[in-house]
Amino acid sequence: MDVEFITSLQQWFEQIVQTPLTKAFPLKLIDLAKSDCIKEMSFYLSIREHFDVVGFNQALQAHHHLPSEMLQFEDIQGMIRGTIDLVFRYQGKYYLLDYKSNFLGENWEDYAPSTLAKAMLHHHYDWQYLLYTLALHRYLKTVDSDYDYERDFGGVFYLFLRGMNGEPQSGVFLIAQVHNSSMN
């Protein structure tokens with residue numbers, strides 16, 4: 001392999017792990033303790049009755065800030081399988097994190113919050129994070145008898161890796177606590 005390419009790749013990875021994920025508090029990937037992380041958490045969500053597409057669309061529209069396209073498919077029944085890239089605990093709260101390698105443009109501005117919001121909708125990641133949040137919520141209820149969604153769930157991070165340049169929240173899309181009636 002080309003030494004220049006390897007050096008460039010190492011610098012990029014360093015930028016990714018050193019990028020503050022929010023402007024509000026200085027969380028960086030490099031600061032996460034291994035004991036507070038679950039990597040590649042696989043899950044199954046059981047759909048005992050028919051999946052309520054209308055109800056899911058209503059939840060998408062009413063319970064978060066992204067105006068989502070209406071989901072359309074036949075009723076389904078059975079299991080949904082997924083894998084969450086990273087679950088971590090920070091300052092007493094649980095977070096989901098999903099890595100994205102999407103190419104949104106050649107400039108850092110192409111990874112600004114407004115552009116990331118459009119990418120979230122275009123690729124239907126709003127649907128994804130609702131399902132991931134539900135899966136994590138159900139898991140935490142089984143492993144932590146004191147777990148309370150409103151108190152303990154911090155939110156969902158989407159890291160658009162190509163836009164992470166070391167500046168606070170660059171290439172980072174944060175969804176604060178997801179409000180969903182199924183979290184009760």
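Under full-length UniProt numbering, think of the first position of the sequence shown as 1, with each following residue one higher.
Where is the CB? At the ideal position from N, CA and C, for every residue including glycine.
All values reported here derive from a predicted model rather than from experimental measurement.
A buried status is given to F173, since no fewer than 16 other beta-carbon atoms sit within 10 Å of its beta-carbon. Along the UniProt domain "PD-(D/E)XK endonuclease-like" (57 to 162), the beta strand (DSSP E) occurs as fully enclosed runs of 3 or more residues at 78 to 90, 93 to 100 and 153 to 160, listed in sequence order. For E14, there is no enclosing beta strand (DSSP E); the enclosing alpha helix (DSSP H) has its first and last residue at V3 to Q18.
Inter-residue distance for L134 and D148 is about 13 Å (C-alpha atoms, whole angstroms). Here H122 is exposed. Its C-beta has fewer than 16 other C-beta atoms within 10 Å. Per DSSP, M41 is one residue of the beta strand (DSSP E) stretching across C37 to I47.
The distance from the Cβ of Q177 to that of G163 is about 24 Å, inconsistent with a contact at the 8 Å cut-off.
Beyond the five residues adjoining it in sequence on each side, F103 comes within less than 7 Å, by CB distance, of R162 in the same chain, given in chain order.
Excluding the 5 residues flanking it on each side, D36 has same chain C-beta neighbours closer than 6 Å at F88 and R89, in chain order. When the Cα atoms are used, P26 and K39 turn out to be separated by approximately 21 Å. Between N165 and T19 the beta-carbon gap is near 7 Å, inside 8 Å, which marks them as a contact.
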